[in-house]
Each structure stands twice: as structure tokens, then as C-alpha cells.
Amino acid sequence: MKLCLVLIVPFLLLRCCTSQNEELMCLPSDLPNGFFMERRHNYSLGESTEYGCQIGFTTLQGLDRGVTLCLAAGWIPTPKCIRTCTKSTDGTVIFNTTKSVFLLKEKVVYECEDGYETIKQGTGDQIICTEKGWHPKPGCLPIQCESPFLEDGDIKPKNDQNLHKDVVKFSCKRGYTRVGPDSAQCYYFGWSPPPPICKVQVNPCQPPPSIPHGRLVSDLRDQYPHGEKVEYECDLGFVKASSSMVECVDGEWTSLPSCIEEFKTCGPPPNIIRGHAIGVDSGKYIHGKTVAYECEENFDIVGTNPAKCLHGEWTFPSCISHARSCSHPHNITPTPLKYAYKNNDVFSYNCGFGLRKAQCVNGEWLPTPECKEFCPHPPQLPNAIHIAELRNYESGEEIAFRCKEHFHLLGPPKILCEGGAWQTPPRCVGPSR
């Protein structure tokens, strides 16, 4: 009689044999960081079994459980539980992937919730899964701005911490004049716009200069006081590439607007129900060209008249029967003050940041006259082309961003003024990013 025993580790294969027959069996052994689901002493050839991994470990396939088969060479595939990484439980950390488990040496870029930045003070950091977990450890910190300082002035509110989206307002002592914005907002890159200065004496401006393909529409004077604004408009066939308003700031005009050629033209102005355009020709109409409309008898014209060609499309009025008048607007003081206003009447009102206008259009005021909360001047993004007007904006208004050459936009191209603060702006990042 012949007896033999063959033992193979680490995952045991037991060979039991006699002179008449041989029988191969697999034995479950200790599985580092895991366990066999069944409590058996041995398995015959061809039998399979399931094993599981402890928390923080998975199979080579990234699963909590795996299946292995007893063959002549032992357990195939070899049961193994390896260290893995999972998504952070920190609610401010965002993993931009649907995966929940990451294998060793796997890399991922994480971002932070709005109002937070990565530990490296960026929009996104790359981390790698190691035997000891994520390296470096993902984390987000609240975006904060240092408290601004205004000599000979005051800043409100006075916060112990200035967090992302916080807005402060500036004022100067009696006898001093503010040169610069009246408010600023905290962003990931600091305060924008920069705080003003307070001066005892400010300088007036000389007449504003002329611009190519455009002209001044405000009254031309010999001198303009600090804070005065003037407006430019572009010649026919040209459109604004930047703000049309400039301001006198302590003897200097802010950035002048530019006018670029507009190639889009309009076809002949269309007919409208119960009305028609006057003096129409069959040719093309360049950007900015206007055409007057008139209505049939007993119909009133409402809306923009004359119609205007804007970016290849007409803005034209409509004709309605017996247009309704408008009642006195609520919560504001209109000029001129009337009990009721006829169709097409226009009034102006002041919300503290210049005059606004509204028109009576068939019983409704357009736009709706109301005083909303204002946002500070738009954020001046690093490496961006500043195309928005440097003024306070009402809640509901939005601005767009464009990056300088060789930089691309990371984030939304537009942001909205809401509740007196701007939404989080995008970034202009370079090619090396």
C-alpha cells in the first residue's frame, strides 16, 4: 500500500493518494484582509466557493466579493483582497466620476463645492490611491478674503471672517470723496473690484476722446466732474465689443469702448398684422438700420417703433385695437407723476443707481418698474477680457466672460446677479494646466 501527501501554500492544495486511487482537494486558508464565505475543511476538484473582503479592501476586480475554483493547480483565480480607496465622505469634496471604488495606483481629480477650494487653493487637485489610502488626502477649505482696509473711510459690515460671495460696502468720511467702487465681493482670487480710496480733492475730466467707428451721444462739455458718466454709440454697420459707458474717475476716463464691424444684415422688414413698414426697399439692411411702421385706422402701434435691424434680425412693433392705459406703478415714485398713463407713455424713476425708464404697452409696464438689490461691479477675472460694464447690476442681470488669447474658460461662460451677490465666476486657465 502506498500513501503520499502533497501540500502547496499559500492557498492549500492537498493531495491524498493510495495505491488504488488519488484524490486532490483544496483547503481554505487564512485570507489576508478577507475571508471564505463557507466554513468547510476542504473542497474537491471542480468545486467553487465565494470569498469576501474586509472594509477598505476589494478583489482584484474592485468588488466586495469574488468566486474561486478548485483546480489541480490550486485555487483559480487566486483569492486576494487588496487595499482600495473610496469616495471621500467630506460633503465639500466632489469626485467627478460615477465610480465609488478605486484600485491601487488609480488617479482621480477632485473638486470642491461652491464656496470652497482645494488645499492647494485650486479648482481641482489630482490624488492617487495607495496602500495607506488617498495621497495626498483630499480636502476642501472655505474660501476666505482678508478684511479690506479703507483709509479715511468705513467698511460695512465688519466681519470677523469674509467668506466666498460676501459683499462689503464702502463709504468715506465727511469731507472726503470716494474714488472707485462703492462695494466689492469676495471671490476665490480675492476682492473684486479692488477697494476705492478716499480723497479730499478729486479732479474733473477733460472732454472724452473720440473712438474709431463710433461717437459720443452724451452732451459735449468743456469739463466733467468726478463720477460723471457718458455714453458712446457705434456707427451703422458696427457693434459694441465692450461697454458703451465710460466714467470720469479723478480726472481720468475709464476704458473706452470699441466698435467692431457687424457683418450680419437683415432682409426687407416684414409686414405685421394690421400694419406695415413705411418706405421699404428690396435691398439688404445693415446692422442698426431703422424702418418706421404704421397701423391701420382704429389700431394703435405698441412696442419698438421704428423697427431696428439687430444682428441680422428685426425688432418690430405690433398693432392692437384700442390700446389700454396703465395704472400708477406701485412702490416707486415715477416722473412725471400721473394717476394713469396712456399707451406708449414713458416715465423714469430712481433706485439709487441712476435713472430707469418704463413704457406703458397695452396696459402693462415694460420692463416692470421695480427696485431690486444691486450687485457690486462685475468681478475682474485674471487673464480675462473685461467686456462687462463697470457698474452696479440689478438682481436678475447676467454678464458673460471671454478669456485672453492662449487661455481657455473653465466654468460657466455667464454668471447671474442674484440677491445682491454674483454667482461663482469661471476661471481663465493657461495651456500648461
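Here the sequence shown stands for residues -19 to -1, 1 to 414, where the numbers follow mature numbering (1 follows the signal peptide of the UniProt record, and there is no 0). Ideal placement from N, C-alpha and C gives every residue a C-beta, glycine not left out.
- Ranked by Cα distance from Glu243, the first of Ser173, Glu228, Gly269 is Gly269.
- Ala288 and Trp295 have their C-alpha atoms some 7 Å from each other.
- Beta-bridge pairing by DSSP links Ile241 to Val220.
- Contact holds between the stretch 174 to 190 and the stretch 200 to 215, because three or more Cβ pairs, one in each stretch, are under 8 Å apart.
- With contacts defined by Cβ atoms closer than 9 Å, Ile366 and Lys395 do not form a contacting pair.
- Between Leu391 and the set Ala381, Glu399, Arg408, Glu378, the nearest pair of CA atoms involves Arg408.
- Assigned with DSSP and collapsed to three states, Gln361 falls in coil, not helix or strand.
- Separation of Ser225 and Pro238 (C-alpha to C-alpha, rounded to the nearest whole angstrom) is 6 Å.
- The Cβ atoms of Trp346 and Pro310 sit closer than 9 Å to each other.
- Straight through space, the alpha carbons of Leu397 and Pro123 are spaced by roughly 22 Å.
- A residue is called buried when at least 16 other Cβ atoms come within 10 angstroms of its Cβ; Phe388 meets this threshold and is buried.
- Of Pro363, Ser376, Ile380, Leu362, the smallest CA-CA separation from Ala369 is found for Ile380.
- Rounded to whole angstroms, the gap between the alpha carbons of Cys307 and Leu336 is 20 Å.
- Excluding residues up to 5 positions away in sequence, His145, Thr405 lie with their Cβ nearer than 8 Å to the Cβ of Asp95 in the same chain.
- In the pairwise beta carbon analysis, the stretch 47 to 54 is classified as not touching the stretch 83 to 91: fewer than three pairs are separated by under 8 Å.
- Rounded to the nearest whole angstrom, the CA to CA distance from Val227 to Ser236 is 7 Å.
- Between Asp71 and Gly114, the beta carbon gap of about 13 Å keeps them out of contact (Cβ cut-off 8 Å).
- In this structure, Cys240 keeps its C-beta atom at 9 Å or more from the C-beta atom of Lys210.
- When the alpha-carbon of Tyr213 is set against those of Thr59, Asp106, Ser223, the nearest one is in Ser223.
- Taking 8 Å as the upper bound for CB-CB distance, Pro117 and Phe151 are not in contact here, some 39 Å apart.
- If the five residues before and after Phe17 are omitted, its C-beta is found closer than 7 Å to the C-beta atoms of Pro9, Thr30, Tyr32, all from its own chain and listed in chain order.
- The residue among Arg155, Pro412, Gln166 with its C-alpha nearest the C-alpha of Val149 is Gln166.
- Taking the Cα of Val48 as reference, the smallest distance to any Cα among Tyr168, Ile36, Cys62 is reached at Cys62.
- Counting only runs that start and end inside the stretch 312 to 361, the beta strand (DSSP E) elements of at least 3 residues fall at 327 to 331, 336 to 342, 345 to 347.
- When the alpha-carbon of Leu26 is set against those of Cys179, His207, Cys7, Gly232, the nearest one is in Cys7.
- In the structure shown, Tyr91 falls within a strand segment according to DSSP collapsed to helix, strand and coil.
- For Leu391, the enclosing beta strand (DSSP E) begins and ends at 389 to 391.
- The alpha-carbon of Pro206 is positioned some 15 Å away from that of Tyr157.
- It is roughly 27 Å from the alpha-carbon of Gly208 to the alpha-carbon of Arg383.
- Judged by their CB atoms, Phe219 and Pro251 are not nearer to each other than the 9 Å cut-off.
- DSSP places Cys62 outside both helix and strand once states are collapsed to three, so it counts as coil.
- Phe17 carries a strand assignment under DSSP once its states are collapsed to helix, strand and coil.
- Within the same chain, and ignoring the five residues on either side of Pro363 in sequence, the residues whose Cβ sits closer than 7 Å to its Cβ are Phe170, Cys409.
- Boundaries of the beta strand (DSSP E) harbouring Val410: 408 to 410, taken from the DSSP string.
- If you check the CB distance, Asp135 and Lys180 do not come in under 9 Å.
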